[in-house]
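Residue numbers (my numbering): 4 to 255.
Virtual Cβ for every residue (Gly too), placed ideally from N, Cα, C.
Quick caveat: nothing in here was measured; it's all calculated off a predicted structure.
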């Protein structure tokens, strides 16, 4: 999907009838495609295209902790690195970690930990890498969604898949799955992530001002988006096994 970013504020982000700048309805998601098992040398991996976002997630472990003094005797050490490639944005990004990538590494890690049975792997490390190949708003949510799939692909026991979605406010409208221009120029946005099987919210942030009624409506809209993404996650995890089953039966 090709997108043309508007760095200057558009005259209108959303029409009176609710049509958004990219033609979507207020409750409509951007296109999403997911594939798991894309990296042979990782224990688990996933590649996700979400709107203009291109996200690659990899998981290594459980494995021996280095340096050893960081090992935890009662649970696994979960480490996460979020990184934006220099070519992921319109203007070339300086390579290496910056304040934002360090912050989002922590946000993604804390959103995933509640889903992992860390107590089953004492004195080990599970390393999660999230690489943003192209950025188009909502990279933390896309990163969490991809990383959760990489954990599942690695066979790490989970309480459930962690799924995310964002809701924004533009004027009087609440919109699902905020796009680039909406993220830059909208009035508010709420990223949410949750363990779908237990309905436990593991990430909830808010940037902007909403009334209590708007916040409740935004939360319900975000959960609706998560439910849609969750079905795509499950389908992506099942797909390789369906192909193998067809090969065994001689159907392909």
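Per DSSP, the unbroken alpha helix (DSSP H) holding residue 154 starts and ends at 142 to 156. In the three-state reduction of the DSSP assignment, residue 230 falls in the helix class, which pools H, G and I. In the assembly as shown, residue 50 is a buried residue. Its beta-carbon has 16 or more other beta-carbons within 10 Å. Ranked by Cα distance from residue 190, the first of 180, 173, 205, 112 is 173.
Assignment of residue 172 by DSSP, reduced to helix, strand and coil, places it in the strand class. Residue 180 has its alpha-carbon roughly 8 Å from the corresponding atom of residue 228.
Taking all protein chains in view, the Cβ of residue 107 is crowded by 16 or more other Cβ atoms within 10 Å, so the residue is classified as buried. For the pair residue 80 and residue 115, the Cα-to-Cα distance works out to about 12 Å.
Within the DSSP bridge table, the entry for residue 166 names 197 as partners.
Counting C-beta atoms within 10 angstroms of its own C-beta, residue 245 has fewer than 16 neighbours from the protein chains shown and is therefore classed as exposed. Between residue 147 and residue 196, the gap from beta carbon to beta carbon is short of 8 Å. Secondary structure at residue 180: coil, using DSSP grouped into helix, strand and coil. Pairing residue 37 with residue 203, the inter-Cα distance amounts to about 23 Å.
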